[in-house]
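Peer 1: Sequence order for the protein chains is A and B.
Per the working numbering, the very first residue in the first sequence carries number -11; after that it's consecutive.
Per the working numbering, the very first residue in the second sequence carries number -12; after that it's consecutive.
All C-beta atoms, glycine included, are put in the ideal place defined by N, C-alpha and C.
Predicted, not measured: the structure shown is a model, and the values here were computed from it.
For reference, the structure I am asking about is given below.
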Amino acid sequence: MTMPLSEAGLAVEQHWRELASRRRLYTAGSLFFLFIALSGSLWFANDSNAGKFFDRLPHVFDFVDQLIPRDGLEVWRAMFDLPSPYADGSLKFDYPEGRMYLFGSFYLPEYVYKMLETINIALVSTLIGFAFGFLLCFLAASNLVTQRWLRFFVRRFLEILRAFPEIVIAGFFLAILSMGAIPAIIAVSLHTIGALGKLFFEVVENADMKADEGLRAVGGNWPERVWFGIVPQVMPNFLSYGLLRLEINVRASTIIGAVGGGGIGEALRLSISRNHEAKTIAIIILLFCTIVAVDQFSAWLRKRLVGEQAFAFGRGD
Amino acid sequence: MTTLSLTDMQAISERHPDVFAGSWRKTLTGWAVGLGLVAYLAFAWWFFAAGAVLAGGNWGIAGTYLADWVSYEVRPQIDFKDDRLDISYPRFSAYRADRHPHWLSFERPATTAAAAPANKASASHVTAFIGSNDSIEVTPAQVLVRRGGETLDVAVVRRVSVVASGPLPSWATQKKPGEKITVDFGFAGSAQIDADDVNIRHRFFGWENFFFDGHSPYWGKSTGEVMSLIASDERIDSKMSNAALAWDNIVNNSEWQHGDVWIKMLQTIVMAFVGTLFASLLAFPLAFLAARNITQNRLVNQVAKRFFDFLRSVDMLIWALFFTRAFGPGPIAGISAIFFTDTGTFGKLYSEALENIDDKQREGMRSVGASPASVQRYGVVPQVLPVLISQSLYFWESNTRSATIIGAVGAGGIGLKLWEAMRTNSDWENVAYMVLLILIVVFIFDNISTALRQRLIGNKASH
């Protein structure tokens, strides 16, 4: 049983109906647009792929099947460079080949060594990126630098470093320095400078300026104001962002490695493309464990540094 | 107000040294951390053999590669024959025996013992103008190089020797007497005078043949001429109109491969778009299972969360390599890789957002007797949806970048094309072109995603 509405009530009702129907129209319109874009994209992706999705789908399971080694112990042999009973002189079972002898008969297995190389690439790049991001961020902060042009220049510089594809920097230095880890370090470091510099100057801009005011009142010069007034408050956040970046850089240096930067990425690419199942599984396990360990360690340390304060979780590029 | 004199200050600091000295533990920790870092960097220097690698690098060529990004060279070669000179160009150059750059002038020989091959033009006297004061003049037995008022006169005995009259100026080098002489014109180029031929490299700013390559009838014409040709009714090619021909020539430009580059760029965009969209769609329902406060079953929460961690920790590279082998190279592999990695990332993000919701709205829904589905739909979703969509949009933009990189291992898109252009070491201008395209696309998407996010959740979107 509905009550009859007054004229004002009817006007409100009608207005509400109009708004609701317009809203519905917008939602339907955007969903329709999204649907068209998605179908078009899927058709295009399938059309330009080397294998068609439905043709290849059964082969995906074949490939998964191929990835299962002959016996489970093969994976351990591949990971720790132990001789395989199936050795037939081919690359597939040459596990002891890559041993890195440190002293006497003590050796580092090949993939463990390559994993260490990748971790070191990530660590060195993070340190370099942290150092330069630290130096540049104060020049980009609006509460510390009054010269507009300087801020503008530093911010654009950081933006370019961040947006420039890492792979191009890596490729350029690979052409000059030939294969190896140094091009990967340069590429990842440059990107890290841009990414961390941006996050850092945002932290600096949110800093409490009272300490800075006090220092200015007693006649502190610019470096003193920054070092004693700002740095102590922002350092925990800086370190926390640096650790977050380390997680990202472990992944990034693996990828750069796969395209010629050395380390575990290259080993993985080669073993997958050559169908060496035991080696592939061994590398994937190593990589997985390393990434989990680095993530856990960094999360634990970040929690100690900045408490429960949540960080916008992203890849932070 | 009391003020302290300097002596007072000193007296106070002497009386309470512990207050002013600062904690020795802190000082010590500072030094230990600093020394540790220096030691680690020294170790890394040794570990990567950085000194040897950097010293062994081919730094001389770095300048040329960088110059190639924004400039190009025209490289005519002049061969010495008995009584004439033969002019030729590299195989893929737009210049040919019947088409020469305007800065190269020559006289045809009156009579020759033998005719030049079809791909070469014969001449008796060639002059290449490199700059206003710089030029190279070649005759069958003599080369005259002028640079900034100085002149180098070189006598050439064919197949035997190259001898300069007088001492060499600072811009010319010769390793051994009688051997080849290299002349440097700075950025404008260089020339190499050999006993068999003279190789000239003249460098210009800009991208050569960006619109039309040497095979196109529009090559070498000014914008006005091209426009009037397109507007005219007389067909160059009887099969299609002039405008269609121009478009066809641009898309199929053999040096810049515009058509292919655009398709590959579109693949990269599609990979990021579809991968991110599918990942959000799958992660959304799964996140409800993973959120402690929504699904009250600990086991289900843990299983869902570990599943997300697994997808995320198996790196995007591993997924990309895996799917490239499984589906064949192309965007489907890239879509799958982004989909798998980001389902994990989104699942984690979404379930964290769900765990942080305000419980009052759900309570309200429950208290009026709504069904469990309605409780979620009206009590939970309106609170989190803007945040979730905003996170997905942020990743959409960042995935456009990731899609470029995983493309290089074969997962489709512009990555592989970029990588191949770099491996040849001679197509740096194409690399610059593709980088520019990527930067433009990322810039546009960044702006779209920021604008949409700002509309959804206000100014918090600035992350």
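What three-state label does DSSP hand B:Leu(-9) in the structure shown?
Peer 2: One-based indexing of the second sequence puts residue -9 of chain B at position 4. Correct three-state label for B:Leu(-9): coil.
Peer 1: Note down, in chain order, every chain B residue with its Cβ under 7 Å from the Cβ of A:Leu30.
Peer 2: As a position in the first sequence, residue 30 of chain A is number 42, starting the count at 1. Result: Val261.
Peer 1: So is the beta-carbon of A:Val282 under 6 Å away from any non-hydrogen atom of the ligand MG?
Peer 2: No copy of the ligand MG occurs in the structure displayed, which carries no ligand at all.
Peer 1: Which residue from A:Val133, A:Gly245 and A:Met223 puts its Cα closest to that of A:Pro211?
Peer 2: Here the question's residue 211 of chain A lines up with position 223 in the first sequence. Cα-wise, what sits closest to A:Pro211 is A:Val133.
Peer 1: Do three or more CB pairs link the stretch 18 to 27 of chain B to the stretch 142 to 157 of chain A at distances below 8 Å?
Peer 2: At 8 Å Cβ cutoff, the stretches do not touch.
Peer 1: Hey, how far is the Cα of B:Pro373 from the Cα of B:Ile444?
Peer 2: One-based indexing of the second sequence puts residue 373 of chain B at position 386. One-based indexing of the second sequence puts residue 444 of chain B at position 457. If I take the Cα positions, the gap works out to 6 Å.
Peer 1: Whole angstroms are fine: how far does the CA of B:Asp(-5) sit from the CA of B:Glu1?
Peer 2: Translated into the one-based positions of the second sequence, residue 1 of chain B becomes position 14. Translated into the one-based positions of the second sequence, residue -5 of chain B becomes position 8. Going from the Cα of B:Glu1 to the Cα of B:Asp(-5) covers about 10 Å.
Peer 1: Specify the secondary structure class of B:Phe35 as computed by DSSP and reduced to three states.
Peer 2: Here residue 35 of chain B refers to the residue found at position 48 of the second sequence. B:Phe35: coil per DSSP, three-state reduction.
Peer 1: Taking a contact to mean a Cβ-Cβ separation below 7 Å, would you say A:Pro84 touches A:Pro97 in this structure?
Peer 2: Residue mapping note: residue 84 of chain A aligns to position 96 of the first sequence, counting from 1. Residue mapping note: residue 97 of chain A aligns to position 109 of the first sequence, counting from 1. No, Cβ-Cβ distance for A:Pro84 and A:Pro97 is not below 7 Å.
Peer 1: Just how far apart, CA to CA, sit B:Phe432 and A:His3?
Peer 2: For the purposes of this step, residue 432 of chain B is taken as residue 445 along the second sequence, with counting starting at 1. For the purposes of this step, residue 3 of chain A is taken as residue 15 along the first sequence, with counting starting at 1. The straight-line gap from Cα to Cα measures roughly 36 Å.
Peer 1: If you measure between the beta carbons of B:Thr328 and B:Trp306, is that distance less than 7 Å?
Peer 2: As a first step, residue 328 of chain B must be located in the second sequence, where it is residue number 341. As a first step, residue 306 of chain B must be located in the second sequence, where it is residue number 319. Going by C-beta atoms, B:Thr328 is nearer than 7 Å to B:Trp306.
Peer 1: Reducing DSSP to helix, strand and coil, say where A:Gly168 ends up.
Peer 2: Counting from one through the first sequence, the residue named residue 168 of chain A turns up at place 180. The answer is coil: DSSP assigns A:Gly168 none of H, G, I, E or B.
Peer 1: Please identify, using Cβ separations under 8 Å, the residues of the stretch 163 to 178 of chain A that lie next to chain B, in order along the chain.
Peer 2: Residues passing the 8 Å Cβ filter: Ala163, Ile164, Leu165, Ser166, Gly168, Ala169, Ile170 and Ile173.
Peer 1: Could you tell me which uninterrupted alpha helix (DSSP H) segments, each at least 4 residues in length, are contained entirely in the stretch 374 to 420 of chain B, listed from first to last along the chain?
Peer 2: Runs found: 401 to 410.
Peer 1: Check whether the Cβ atoms of B:Ile281 and B:Leu341 lie closer than 7 Å to each other.
Peer 2: For this step, residue 281 of chain B is matched to residue 294 along the second sequence. For this step, residue 341 of chain B is matched to residue 354 along the second sequence. In contact: B:Ile281 and B:Leu341 (Cβ atoms closer than 7 Å).
Peer 1: Counting only Cβ pairs nearer than 9 Å, list the residues of chain A close to B:Ser215.
Peer 2: For the purposes of this step, residue 215 of chain B is taken as residue 228 along the second sequence, with counting starting at 1. Neighbours of B:Ser215 on chain A: none; closest Cβ ~37 Å, over 9 Å.
Peer 1: Please confirm if A:Val48 has its CB atom under 7 Å from at least one CB of chain B.
Peer 2: As a working mapping, residue 48 of chain A is identified with position 60 in the first sequence. Answer yes: the Cβ-Cβ gap between A:Val48 and chain B drops below 7 Å somewhere.
Peer 1: What does A:Pro153 reach in chain B if we use C-beta pairs closer than 8 Å?
Peer 2: Walking along the first sequence from the start, residue 153 of chain A turns up at place 165. Ordered by position in chain B, the residues that pass the 8 Å Cβ test against A:Pro153 are Arg388, Thr391, Ile392, Leu405, Val422 and Ile425.
Peer 1: Which bits of chain B does A:Ser36 rub up against, with CB to CB less than 8 Å?
Peer 2: Locating residue 36 of chain A in the first sequence gives position 48, counting from the first residue. Here the neighbours are Ile250, Gln254, Gly317, Pro318 and Gly399.
Peer 1: Which runs of the beta strand (DSSP E), 3 residues or longer, sit entirely within the stretch 117 to 205 of chain B?
Peer 2: Complete beta strand (DSSP E) runs here, min 3: 122 to 126, 129 to 134, 137 to 144, 148 to 151, 159 to 161, 168 to 171, 176 to 180 and 184 to 192.
Peer 1: Leaving aside the five residues before and after B:Lys167 along the sequence, list all residues of the same chain whose C-beta is less than 8 Å from its C-beta, in chain order.
Peer 2: Here the question's residue 167 of chain B lines up with position 180 in the second sequence. Answer for B:Lys167: Val149, Gln161, Gln179, Ile180, Asp181 and Ala182, listed in chain order.
Peer 1: Pick from B:Arg293, B:Ser379 and B:Gly400: whose alpha carbon is nearest that of B:Thr437?
Peer 2: What you label residue 437 of chain B is simply residue 450 of the second sequence in a count that begins at 1. Residue B:Ser379 is the option with its Cα nearest to B:Thr437.
Peer 1: With DSSP run on the structure shown, which of helix, strand or coil describes A:Thr134?
Peer 2: Position 146 of the first sequence, counted from the start, is the residue given in the question as residue 134 of chain A. Coil.
Peer 1: Along chain B, in chain order, which residues have C-beta atoms closer than 9 Å to that of A:Arg306?
Peer 2: Residue 306 of chain A is absent from the structure shown; chain A starts at -11 and stops at 305.
Peer 1: What distance in whole Å lies between the Cβ atoms of B:Trp415 and B:Asp55, which are believed to be in contact at a cut-off of 8 Å?
Peer 2: As a first step, residue 55 of chain B must be located in the second sequence, where it is residue number 68. As a first step, residue 415 of chain B must be located in the second sequence, where it is residue number 428. At roughly 4 Å, the Cβ-Cβ gap stays under 8 Å, so B:Asp55 and B:Trp415 are in contact.
Peer 1: Candidates A:Gly185, A:Leu184, A:Glu154 and A:Phe189: which alpha carbon is nearest A:Ala172's?
Peer 2: Your numbering for residue 172 of chain A matches position 184 in the first sequence. That would be A:Glu154, whose Cα lies nearest to the Cα of A:Ala172.
Peer 1: Is the stretch 240 to 247 of chain B close to the stretch 19 to 38 of chain A, with three or more CB pairs under 8 Å?
Peer 2: Flag = no, the stretch 240 to 247 of chain B and the stretch 19 to 38 of chain A do not touch.
Peer 1: Need the endpoints of the beta strand (DSSP E) that B:Asp66 sits in, please.
Peer 2: On the second sequence, position 79 is the one that residue 66 of chain B refers to. Gln64 to Phe67 is the span of the beta strand (DSSP E), which, as asked, contains B:Asp66.
Peer 1: Quick one, are the C-beta atoms of B:Gly173 and B:Arg188 less than 7 Å apart?
Peer 2: Within the second sequence, the letter at position 186 stands for residue 173 of chain B. Within the second sequence, the letter at position 201 stands for residue 188 of chain B. No, the pair does not count as a contact, with Cβ atoms beyond the cut-off.
Peer 1: Given B:Asn120, which residues of its chain have a CB within under 6 Å of its CB, disregarding the five upstream and five downstream residues?
Peer 2: As a first step, residue 120 of chain B must be located in the second sequence, where it is residue number 133. If we look at B:Asn120 and ignore the five residues flanking it on each side, its Cβ neighbours are Gly135.
Peer 1: Quick test of your reading: A:Arg44 and B:Ala231, contact by CB under 8 Å. State the CB separation rounded to the nearest angstrom.
Peer 2: Here residue 44 of chain A corresponds to residue number 56 of the first sequence, with the count starting at 1. Here residue 231 of chain B corresponds to residue number 244 of the second sequence, with the count starting at 1. Not confirmed; about 36 Å, so no contact.
Peer 1: Enumerate, from N- to C-terminal direction, the unbroken alpha helix (DSSP H) stretches of 4 or more residues contained entirely within the stretch 88 to 164 of chain A.
Peer 2: Runs of the alpha helix (DSSP H) inside the stretch 88 to 164 of chain A: 98 to 128 and 136 to 151.
Peer 1: Residues of chain A with CB under 8 Å from B:Trp46, in chain order?
Peer 2: Locating residue 46 of chain B in the second sequence gives position 59, counting from the first residue. Within chain A, the residues near B:Trp46 are Ile164.
Peer 1: If we cut at 7 Å on Cβ distances, does B:Asp322 have a partner in chain A?
Peer 2: Start at 1 with the first residue of the second sequence, and residue 322 of chain B comes out as number 335. Contrary to the premise, residue 322 of chain B reads as Ile rather than Asp in this sequence. At least one chain A Cβ lies under 7 Å of B:Ile322.
Peer 1: Hey, is B:Met487's beta-carbon within less than 7 Å of any beta-carbon in chain A?
Peer 2: Within the shown structure, residues of chain B are numbered from -12 to 450, placing residue 487 of chain B beyond reach of any answer.
Peer 1: Three-state secondary structure (DSSP) at B:His89?
Peer 2: Mapped onto the second sequence, residue 89 of chain B falls at position 102. B:His89 falls in the coil class under three-state DSSP.
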